[in-house]
Structure formats: structure tokens, C-alpha cells
Amino acid sequence: MNDTDIQQRFQLMQRELESTVSLLKKTKLDLTAAVDSLKLELEVVKIFLERHHPDFSDSYQELREEAMQAIDPEWTGSATVKK
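Here my numbering = 1-based position in the sequence shown + 304.
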């Protein structure tokens with residue numbers, strides 16, 4: 305392999321790396337926006353429950369702790385998974 309070939313391969317790798325970094329940055333922004341949207345939706349649900357079920361605020365912490373023990377947060381399916 306001569307210097308020209310090595311230089312071309314290096315430049316190609318550099319462009320691929322730059323493209324990957326750009327894609328990762330865009331993906332991070334998209335995921336951050338999705339998480340922010342979910343946070344907003346959860347707040348709306350909590351406010352609704354507090355208004356229409358006055359005892360919700362009293363039992364929320366207990367329900368949260370129960371859910372944390374029962375649900376695997378890394379599982380992304382549609383049914384509840386017990387640890």
C-alpha cells in the first residue's frame with residue numbers, strides 16, 4: 305500500500321467517523337425531545353389523577369415504590385415483567 309492509498313483510506317475513515325458523530329448527536333436530541341414529551345404527558349396524568357381522585361397524592365409514593373420493585377425498567381415490551 306502506498307502513501308496515497310493510506311491517505312485516502314484515512315480520509316474515508318475520518319468522514320465515516322464524522323457522519324457517525326453527527327448521527328449520534330441527532331439521535332441524542334431526538335431522544336431527549338421524546339423523554340421531555342413523556343415527562344410532560346406524565347405530569348398531565350398526575351394532575352388529572354390528583355384532581356379527580358383526591359386520595360391519589362396520598363397513595364402515589366406507595367404505588368411508585370411498589371412499581372419500582374415489580375417492574376423491570378429495562379424491559380420494553382407491553383406487559384409487566386416481574387423481577
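Ideal Cβ placement from N, Cα and C applies to all residues, glycine included.
Taking the C-alpha atoms as reference points, what is the distance between residue i and residue j?
i, j, result
"Ile-351", "His-357", "10 Å"
"Lys-387", "Tyr-364", "With a pLDDT of 47 at Lys-387, under the threshold of 50, the modelled position of this residue cannot be trusted; read the value that follows with caution. Their Cα atoms are separated by approximately 21 Å."
"Ala-338", "Val-348", "15 Å"
"Val-385", "Met-372", "Unreliable positioning characterises Val-385 in this predicted model, as indicated by a pLDDT of 49, which lies under 50. The coordinate reading is nonetheless provided below. Spanning the two alpha carbons is a distance of roughly 11 Å."
"Lys-341", "Gln-318", "At residue 341 the sequence reads Ser, which differs from the Lys that was named. Spanning the two alpha carbons is a distance of roughly 35 Å."
"Thr-331", "Gln-312", "29 Å"
"Met-305", "Glu-320", "21 Å"
Would you please state the rounded distance, in angstroms, between the beta carbons of residue i and residue j? I believe it to be under 8 Å.
i, j, result
"Ser-361", "Glu-354", "5 Å"
In its own chain, which residues sit with a C-beta less than 8 Å from the C-beta of residue i, not counting the 5 before and 5 after it?
i, result
"Glu-378", "none"
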